[in-house]
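Please read the structure below before turning to the comments.
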Amino acid sequence: MTPQQEAILAFEKRFYTTQSGKENDIAEELGMSAVRYYQSLNALLDDPAALAAEPVLVKRLRRIRDSRAKLRRAG
């Protein structure tokens with residue numbers, strides 16, 4: 004994994020109570036837009052290296068992603 008990919012996973016492990024605070028921190032700390040961050044994070048969820056590095060986090064985020072996708076299909 005690249006240092007940026009590791010930084011994205013480390014960043015995602017943090018707890019945020021508001022989305023706006025998280026989006027500001029994404030820009031300040033990672034130097035990317037929120038859209039690019041979420042695109043990169045989504046790609047990481049399918050990366051075996053990310054699963055090996057952070058199995059609990061990746062599995063939790065996969066479950067969230069899958070449940071949201073299921074709701075979109077059903078709705």
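In this text, residue positions in the sequence shown follow our numbering: the first is 4, and each later residue adds one. Ideal placement from N, C-alpha and C gives every residue a C-beta, glycine not left out.
Option nearest residue i by Cα separation, candidates the options
| i | options | result |
| --- | --- | --- |
| LEU64 | VAL38, LEU48 and ARG76 | LEU48 |
| TYR40 | ALA13, PRO58, ASP69 and LYS62 | ALA13 |
| GLN7 | SER23, GLY34, ALA72 and ARG71 | GLY34 |
| GLU9 | GLU57, ARG68 and GLY24 | GLU57 |
Cβ pair residue i, residue j closer than 7 angstroms
| i | j | result |
| --- | --- | --- |
| ILE11 | SER36 | no |
| ALA46 | MET4 | no |
Status (buried if at least 16 other CB within 10 Å, exposed otherwise) for residue i
| i | result |
| --- | --- |
| VAL59 | exposed |
| VAL61 | buried |
Any non-hydrogen atom of the ligand FMN closer than 6 angstroms to residue i Cβ
| i | result |
| --- | --- |
| ALA55 | Ligands displayed in this structure: none; no statement on the ligand FMN is therefore possible. |
Three-state class that DSSP yields for residue i in the structure shown
| i | result |
| --- | --- |
| GLU57 | coil |
| LEU44 | helix |
| LYS16 | coil |
| GLY34 | coil |
| ASP28 | helix |
| ASP69 | helix |
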